[in-house]
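Enquirer: In this text, residue positions in the sequence shown follow my numbering: the first is 1426, and each later residue adds one.
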Amino acid sequence: FTSTPVVILSDKSSPTAIYSTANYFNGIVPFSVHYPLNSPLEKANYRRKSWKVRDVSGNGGKQTFSPSKLPVRRKSESQVLSGLNWGAKLSLSRATLELPPKSVSGIATMKDVEEVSAALRKFVVGQLVSNGIGFLVTDYTRNELLGISIGLFYNLGLITSESLLQKIFHFVLIMSENYSIVPYHSFSHAVDVTFMTYLMLTELKAAERFSISKNEAFAVLVASLGHDVLHPGTNNQFQMNTKATVAINFSNQSVLENQSIEFLLKTLESLNLVEKYLESINATRSSTQRHPSISTRPSNQLPSEKKKHITNIIQSTILHTDMAFHFQLLDELKSYGSSISSHDSLKKEIPKNTLLSFILHGADISNGVRPLHICIYWSSLITREFINQNQMELALNLDPSFAINQDPGPKQDLQIAQLGLDFNEIIAKPYFTALGKLLGTDTFEEHIAKNGEYWKNE
């Protein structure tokens, strides 16, 4: 799916990057266009870098600009995230990551592997990430993000053998290499969503409150990391309007979500990962669990039934990241939240697929309930994708999908602020008010209010 590069972006200070946005066009390869935005990006101390753009599709070339980027920030971190300093069966002081075979990864070097290993070890003892809901991907290198991704599984007690550690490493690598190089729906977004899922399970105590099992935690972390894999940076409607192959293959139903599910399940099968995980967990069932909130309740399910349960969760949770299901999820979330507030025992009656869909969808749209600088950062990236899609649609004589002026200026600034405000008030605020009620936390409220005020003032 991702074998057709569209444009090459390069400058003197960074390696050439391939930006493939037209993976599913029927022979039509429009330009990838990036416009720097004057506001609110400048207010977030973004810096601009111009790029030379060369079209390699044979349709001619066009000059443009790259996205703005936040400067990478380094900081000393000593505070440990709550609940993560528990003992584990597998000792990382003795376990080592190995260079994966070329069939898994053609780009990893031993230096990469050593850096991922170091990041993993630092993460699990609280020396790499300490800022919880303030987690920002630009604080970390790619290899550190890989190490953090593995560490999320480790900290939940889901990695109990060296062979499983290697499998998880290979899985994370495959996911990282199959996310497109697009502004928003990238591997960085996947790590951010997985981290927020993890945070809700642990720090916000969803796993403890709702007796989420290890298998269920494994399933939702896998789903989080792979929920947007192969995403081309344009939305479902665009795939349908252009009669893209992926839209035809999935009958115009949750097109990109079904594509991600298909690729993810094929990857799990190729690695035999679910079976290896179940085998490893079963062998260490009586050992001390890594995280106290994850349930290790006995299960009478056969291995095939456990695998089916894990697969069903992966499919259901990713499918419900489709924004077409947002208001349906919100109605269900409000209903369960109201019931739980008056009858605590009802929390056990929420189907796990539904509960974990609430959590993953929340993690996926959590930008609006994060600290302001993080909200602005992710908002700028999704806005950039909107502008890119508008430009493609205009090139194809289609009506632009998003109400954003193509040229930077006061009008575009106002439209961007309106999009931010609408997202905050219509999408984020109602959903996270209900989710906070379900989880019994007020963590989201402060940032929802502050971010809403920011967009109003803009």
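Glycine included, C-beta positions come from ideal geometry on N, C-alpha and C. Please read all numbers here as calculations on a predicted model, not as lab measurements.
1. Distance check for Ser1542 and Lys1668, CA to CA, integer angstroms please.
2. DSSP state of Ser1586, grouped into three classes?
3. Quick check on the DSSP output: what are the complete alpha helix (DSSP H) runs of length 4 or more inside the stretch 1657-1745, in order along the chain?
4. Kindly indicate which three-state DSSP category Lys1630 falls into: helix, strand or coil?
5. Which first and last residues belong to the alpha helix (DSSP H) in which Thr1808 is found?
6. Could you check which residue in Val1550, Ile1801, Glu1569 and Asn1792 has the C-alpha nearest to that of Phe1857?
7. Going by other Cβ atoms of all chains shown within 10 Å of its Cβ, with 16 needed for buried, is Val1550 buried or exposed?
8. If the criterion is Cβ atoms closer than 8 Å, does the pair Leu1598 and Leu1561 meet it?
9. Would you say the stretch 1601-1616 touches the stretch 1842-1850, given that touching needs at least three Cβ pairs under 8 Å?
10. Can the beta-carbon of Leu1744 be found closer than 8 Å to that of Ser1676?
11. Which word fits Lys1639, buried or exposed, when buried means at least 16 other C-beta atoms lie within 10 angstroms of its C-beta?
12. Does any residue of chain C bring its CB to less than 8 Å from the CB of Gln1684?
13. Checking 8 Å against the spacing of the C-beta atoms, do Gly1762 and Lys1862 come in under that value?
14. Going by Cα to Cα distance, which pick from Ser1705, Ser1760, Ile1790 and Phe1663 is closest to Ser1588?
15. Our contact map puts Ile1829 next to Lys1854 with C-beta atoms below 8 Å; I'd like the distance itself, whole angstroms only.
16. By Cβ distance below 7 Å, which residues in the same chain neighbour Glu1467 in space, the five residues on each side in sequence not counted?
17. Given that a residue counts as buried once 16 or more other Cβ atoms are within 10 Å of its Cβ, and exposed if not, what is His1656?
18. Is the number of C-beta pairs between the stretch 1736-1753 and the stretch 1688-1708 that are closer than 8 Å three or more?
19. Measure the C-alpha to C-alpha separation of Lys1875 and Asp1867 and round it to an integer number of angstroms.
20. Mind the definition here: the stretch 1810-1821 touches the stretch 1680-1692 only if three or more C-beta pairs lie below 8 Å; say whether that holds.
21. How long is the line joining the alpha carbons of Asn1660 and Ala1708, rounded to whole angstroms?
22. Starting from Glu1523 and walking both ways along the alpha helix (DSSP H), at which residues does that stretch end?
23. With a 10 Å radius around its C-beta and 16 neighbouring C-beta atoms as the bar for buried, classify Glu1730 as buried or exposed.
24. Taking the C-alpha atoms as reference points, what is the distance between Leu1553 and Asn1666?
25. Smallest Cα separation from Ile1558: which of Met1621, Arg1567 and Ser1826?
26. Beta carbon of Ser1586, beta carbon of Leu1522: below 8 Å?
27. I'd like the list of long-range same chain contacts for Leu1624, defined as Cβ closer than 7 Å, with 5 residues on each side in sequence excluded.
28. I'd like the list of long-range same chain contacts for Ser1741, defined as Cβ closer than 7 Å, with 5 residues on each side in sequence excluded.
29. Beta carbon of Val1618, beta carbon of Ala1788: below 8 Å?
30. Taking all protein chains shown into account, decide if Gln1726 is buried (16 or more other Cβ within 10 angstroms of its Cβ) or exposed.
31. Find the nearest neighbour of Lys1406 within the set Glu1602, Ala1749, Leu1844 and Leu1646, judged by alpha-carbon distance.
32. Within the same chain, show all residues whose beta-carbon is closer than 6 Å to that of Gly1865, passing over the 5 residues directly before and after it, in chain order.
33. Contact check, Leu1545 vs Ile1575 under 8 Å by CB: the rounded distance?
34. Does DSSP classify Lys1527 as helix, strand or coil?
35. Alpha carbon to alpha carbon, how far is Arg1795 from Glu1405? Give it in angstroms, no decimals.
36. I'd like the list of long-range same chain contacts for Pro1776, defined as Cβ closer than 6 Å, with 5 residues on each side in sequence excluded.
Expert: Straight from the coordinates:
1. Taking the first residue of the sequence shown as 1, we reach residue 1668 at position 243. Taking the first residue of the sequence shown as 1, we reach residue 1542 at position 117. C-alpha separation (whole angstroms): 43 Å.
2. Taking the sequence shown and counting its residues from 1, one reaches residue 1586 at position 161. It is coil, neither helix nor strand.
3. Whole alpha helix (DSSP H) segments, 4+ residues: 1661-1666, 1670-1674, 1680-1696, 1698-1708 and 1728-1744.
4. On the sequence shown, position 205 is the one that residue 1630 refers to. Looking at Lys1630 - three-state DSSP - the assignment turns out to be coil, as it is neither helix nor strand.
5. As a first step, residue 1808 is located in the sequence shown; it is residue number 383 there, counting from the start. Residues Leu1797 to Ala1820.
6. Reading the sequence shown from its first residue, position 432 is the one you call residue 1857. Out of Val1550, Ile1801, Glu1569 and Asn1792, Asn1792 has the C-alpha closest to the C-alpha of Phe1857.
7. For the purposes of this step, residue 1550 is taken as the residue at position 125 of the sequence shown. Exposed, since its Cβ has fewer than 16 Cβ neighbours within 10 Å.
8. Locating residue 1598 in the sequence shown gives position 173, counting from the first residue. Locating residue 1561 in the sequence shown gives position 136, counting from the first residue. Contact: no.
9. no
10. Here residue 1744 corresponds to residue number 319 of the sequence shown, with the count starting at 1. Here residue 1676 corresponds to residue number 251 of the sequence shown, with the count starting at 1. A distance of 8 Å or more separates the beta carbons of Leu1744 and Ser1676.
11. The count along the sequence shown starts at 1 and reaches residue 1639 at position 214. Lys1639 comes out buried.
12. This model lacks chain C altogether; it includes just one protein chain.
13. Looking up residue 1762 in the sequence shown gives position 337. Looking up residue 1862 in the sequence shown gives position 437. Yes. Within cutoff.
14. Indexing the sequence shown from 1 puts residue 1588 at position 163. With distances taken between Cα atoms, Ser1588 lies closest to Ser1705.
15. On the sequence shown, position 404 is the one that residue 1829 refers to. On the sequence shown, position 429 is the one that residue 1854 refers to. The Cβ separation is near 22 Å, so there is no contact.
16. Start at 1 with the first residue of the sequence shown, and residue 1467 comes out as number 42. With a pLDDT of only 31 at Glu1467, under the threshold of 50, the placement of this residue in the model should not be trusted, and no figure is reported.
17. If you number the sequence shown from 1, residue 1656 lands on position 231. With 16 or more other CB atoms across the displayed protein chains lying within 10 angstroms of its CB, His1656 is buried.
18. Two segments are said to touch when three or more pairs of C-beta atoms, one from each, lie closer than 8 Å; by this definition the stretch 1736-1753 touches the stretch 1688-1708.
19. Along the sequence shown, one-based indexing puts residue 1875 at 450. Along the sequence shown, one-based indexing puts residue 1867 at 442. One C-alpha to the other measures close to 14 Å.
20. With a cut-off of 8 Å, the stretch 1680-1692 and the stretch 1810-1821 do not count as touching, because too few Cβ pairs lie within range.
21. Indexing the sequence shown from 1 puts residue 1660 at position 235. Indexing the sequence shown from 1 puts residue 1708 at position 283. Between Asn1660 and Ala1708, the C-alpha separation is close to 43 Å.
22. Translated into the one-based positions of the sequence shown, residue 1523 becomes position 98. First-last for Glu1523: undefined, no H or E at that position.
23. Position 305 of the sequence shown holds residue 1730. So Glu1730 counts as exposed.
24. The residue labelled residue 1553 in the question sits at position 128 within the sequence shown. The residue labelled residue 1666 in the question sits at position 241 within the sequence shown. One C-alpha to the other measures close to 44 Å.
25. Along the sequence shown, read from residue 1 onward, the residue named residue 1558 stands at position 133. For the residues Met1621, Arg1567 and Ser1826, the minimum Cα distance to Ile1558 belongs to Met1621.
26. Taking the sequence shown and counting its residues from 1, the one referred to as residue 1586 is at position 161. Taking the sequence shown and counting its residues from 1, the one referred to as residue 1522 is at position 97. No.
27. On the sequence shown, position 199 is the one that residue 1624 refers to. Only Gly1557 and Ile1558 meet the Cβ criterion.
28. As a first step, residue 1741 is located in the sequence shown; it is residue number 316 there, counting from the start. The residues are Asn1778 and Ser1782.
29. Within the sequence shown, numbered from 1, the residue matching residue 1618 stands at position 193. Within the sequence shown, numbered from 1, the residue matching residue 1788 stands at position 363. It is a contact, given that the beta carbons lie within the stated cut-off.
30. Within the sequence shown, residue 1726 is the residue found at index 301, counting from 1. Exposed, because fewer than 16 other Cβ atoms sit within 10 Å of the Cβ of Gln1726.
31. As shown, the chain starts at 1426 and ends at 1883. That puts residue 1406 outside it, with no answer to give.
32. As a first step, residue 1865 is located in the sequence shown; it is residue number 440 there, counting from the start. Taken in chain order, the list of residues that qualify is empty.
33. Within the sequence shown, the letter at position 120 stands for residue 1545. Within the sequence shown, the letter at position 150 stands for residue 1575. That pair is a contact at about 5 Å.
34. Reading the sequence shown from its first residue, position 102 is the one you call residue 1527. DSSP places Lys1527 in coil when its eight states are reduced to three.
35. The structure shown has nothing for residue 1405, since the chain only spans 1426 to 1883.
36. As a first step, residue 1776 is located in the sequence shown; it is residue number 351 there, counting from the start. Excluding residues within five positions, none has a Cβ falling inside 6 Å.
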